[in-house]
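Trainee:
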Amino acid sequence: MKKILIANRGEIAVRIIKTCREMGIATVAVASEADLGAKHARLADEVIPIGAAPAVESYLRGDVIIEAAKQSGAEGIHPGFGFLSENAGFAAAVREAGLMFIGPQADVIQLMGSKQESKRVMKKAGVPVVPGYNGDNQEPDHLAAEAEKIGFPLLIKASAGGGGKGMRVVNEAKNFNDALGAAKREAKAAFGDDTVLLEKYLTRPRHIEYQVFGDEHGQLVHLFERECSIQRRHQKIVEETPSTAMGEALRARMAEAALTAARAVNYTNAGTVEFMLDEDESFYFLEMNTRLQVEHPVTECLTGQDLVRWQIEVARGNKMPLTQEQLTRRGHAVEVRIYAEDPAHDFLPQTGTIVNYAEPIGLNVRVDSGVETGDAISIYYDPMIAKLIAWGETRDIACDKLVNALAEYCIQGVHTNVAFLRKILQEAEFRAGNTTTAYLSHYAPDLAVPTATVDTALALTCLAEPETQAAGGAGPTFQEPWQQLSGWRADQ
Numbered sequence: 001m002k003k004i005l006i007a008n009r010g011e012i013a014v015r016i017i018k019t020c021r022e023m024g025i026a027t028v029a030v031a032s033e034a035d036l037g038a039k040h041a042r043l044a045d046e047v048i049p050i051g052a053a054p055a056v057e058s059y060l061r062g063d064v065i066i067e068a069a070k071q072s073g074a075e076g077i078h079p080g081f082g083f084l085s086e087n088a089g090f091a092a093a094v095r096e097a098g099l100m101f102i103g104p105q106a107d108v109i110q111l112m113g114s115k116q117e118s119k120r121v122m123k124k125a126g127v128p129v130v131p132g133y134n135g136d137n138q139e140p141d142h143l144a145a146e147a148e149k150i151g152f153p154l155l156i157k158a159s160a161g162g163g164g165k166g167m168r169v170v171n172e173a174k175n176f177n178d179a180l181g182a183a184k185r186e187a188k189a190a191f192g193d194d195t196v197l198l199e200k201y202l203t204r205p206r207h208i209e210y211q212v213f214g215d216e217h218g219q220l221v222h223l224f225e226r227e228c229s230i231q232r233r234h235q236k237i238v239e240e241t242p243s244t245a246m247g248e249a250l251r252a253r254m255a256e257a258a259l260t261a262a263r264a265v266n267y268t269n270a271g272t273v274e275f276m277l278d279e280d281e282s283f284y285f286l287e288m289n290t291r292l293q294v295e296h297p298v299t300e301c302l303t304g305q306d307l308v309r310w311q312i313e314v315a316r317g318n319k320m321p322l323t324q325e326q327l328t329r330r331g332h333a334v335e336v337r338i339y340a341e342d343p344a345h346d347f348l349p350q351t352g353t354i355v356n357y358a359e360p361i362g363l364n365v366r367v368d369s370g371v372e373t374g375d376a377i378s379i380y381y382d383p384m385i386a387k388l389i390a391w392g393e394t395r396d397i398a399c400d401k402l403v404n405a406l407a408e409y410c411i412q413g414v415h416t417n418v419a420f421l422r423k424i425l426q427e428a429e430f431r432a433g434n435t436t437t438a439y440l441s442h443y444a445p446d447l448a449v450p451t452a453t454v455d456t457a458l459a460l461t462c463l464a465e466p467e468t469q470a471a472g473g474a475g476p477t478f479q480e481p482w483q484q485l486s487g488w489r490a491d492q
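One point on numbering: in the UniProt record's numbering, the residue at position 37 of the sequence shown is 37, and numbering is uninterrupted.
1) Contact between the region 78 to 92 and the region 5 to 21 is defined here as three or more beta-carbon pairs at a separation below 8 Å; is this criterion met?
2) What is the DSSP secondary structure of Tyr380, counted as helix, strand or coil?
3) What three-state label does DSSP hand Arg422 in the structure shown?
4) Going by beta carbon distance, what residues of the same chain come within less than 7 Å of Thr268, once the five residues before and after it are set aside?
5) Enumerate, from N- to C-terminal direction, the unbroken beta strand (DSSP E) stretches of 3 or more residues contained entirely within the region 179 to 219.
6) Buried or exposed: Asp107, going by 16 or more other Cβ atoms within 10 Å of its Cβ?
7) Which one of Ile354, Asp194 and Met1 has the shortest CA to CA distance from Gly76?
8) Please state whether the Cβ-Cβ distance between Met112 and Val221 is less than 9 Å.
9) Please look up how many angstroms separate the CB atoms of Val196 and Ala183, rounded, as I've assumed it's under 8 Å.
10) Helix, strand or coil, according to DSSP, for Tyr133 in the structure here?
11) Is Val265 closer than 9 Å to Val121 when the C-beta atoms are compared?
12) Note down, in chain order, each residue of its chain lying with its Cβ closer than 8 Å to the Cβ of Thr351, except the 5 sequence neighbours on either side.
13) So, do the region 14 to 31 and the region 320 to 340 have three or more beta carbon pairs nearer to each other than 8 Å?
14) Just to confirm the assignment, what range does the beta strand (DSSP E) spanning Val170 have?
15) Beta strand (DSSP E) containing Glu240: first to last residue?
16) Can you tell me which of Thr437, Asn87 and Arg422 puts its alpha carbon nearest to the alpha carbon of Leu447?
17) Using the Cα positions of Gly304 and Leu402, report the straight-line distance between them to the nearest angstrom.
18) Report, in whole angstroms, the separation of the C-beta atoms of Ala55 and Tyr381, which I expect to be a contact under 8 Å.
19) Compare the beta carbon distance of Ala91 and Lys70 with 9 Å and say whether it is the shorter of the two.
20) Given a cut-off of 9 Å, decide if Cys228 and Glu209 are closer than it, judged by their beta-carbon atoms.
21) Run the CB neighbour count on Asp346, radius 10 Å, all protein chains shown included, and call it buried at 16 or more, exposed below.
22) In terms of DSSP beta bridges, what is Val273 paired with?
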């Protein structure tokens, strides 16, 4: 594989390009009309326009993307995450076109993409699943009867999708029918399928996931766990490894369950097995994501491995670089997702042009970003700007590094969640490791950051000291002596 087309945009496309360069592989970017000047398009060796700004007219057009790969002479396609990354039809079409799909087999994507079918397979394999109902009978009366058997509170969840769409928590039986109708309507609109499943609702669980990897030579490994409990609207915003909730015995039990899940479907390439961990240390299979995860950098920091490189090597038919016995972990890594959104107004997505952008620099600080100064955050795509990751010998060191890096992050032109994330990382319960999926709902008042105050402080700071990097009203950072000189130069 000497040339790869990246069927994605933003920070993940940039991330894949960097590894390809290190491996001596040429890259082809695809770009909608809105992205022709975007960072990923600028960095790739080639860029091919694929349609209008809306994703359904560009990044979700599998036929157009495959034709672009053929046109460019690319031998493989990396789907990144989101868009077509978990589309079994696309994966099959790529292979039918004689190209390498850098991911698992299409039938596995199809199976694990159905929450109903995947839970049936996991239950048969002996992987613990959340008590509930995932049958074919979708009549409201039947679902209400099943809900009574499970007991309240329970969760109604769309079978076909994710990201919190088609999901409702029901605390009492009298609210079930209204919640069911709303969940089905939302699922139909988002995924074209209103099938739902019912699950026992765990009130204070932790979200734990295992990075797994398989190759075509029968080798299967895990690269340890990640905790992704801090979420807003069922979407992760803080991820770390290792989890503070787990001793070695529990860690080993969950790792074996993750490998059992992957083994049950003959899994190849990168995947993530997600669990909900209850307070009594019982855990349940949630789902399997058949792609690279947004939060993969914390695993890379902990293990020293490049997971994109692993993906490419496995897609080439090679064995994985390391066996389970050779994999080691060291220290602690924490990642935060930086979004163009307003935490003070229910995380409302923001749009606009980034008029000034400067990333923090520090020892063991990593930034995976998809933007630069002058780039636009549009209405058409996810408003994630970047991921900021820090590694340290201990959790406190990693968190302190991340707090300082957030203070040095300068993003002007759009509201962001930078100051909000900084408050989370300094909050006492977070520092104590007491994180659950209910964390934000419990501590939201303590984390509130008035948007107007933040923006005013940022604007005044940057106006007073144009070279200063600041985030959410944070103070000035060190300036190099050369930055403090006037415009006069001896050779002028």
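Backbone N, C-alpha and C define an ideal beta-carbon position, used for all residues, glycine too.
From a predicted model like this one, the values you see are computed outputs, not experimental measurements.
Mentor: Short version:
1) yes
2) coil
3) helix
4) Pro104, Gln105, Gly214, Asp215, Glu216 and Val314
5) 196 to 200 and 206 to 214
6) exposed
7) Met1
8) no
9) 6 Å
10) strand
11) yes
12) Ala340, Ala376, Ile377, Ser378, Ile379, Pro383 and Val414
13) no
14) Met167 to Val170
15) Gln235 to Thr241
16) Arg422
17) 19 Å
18) 7 Å
19) no
20) yes
21) exposed
22) Tyr210 and Met288
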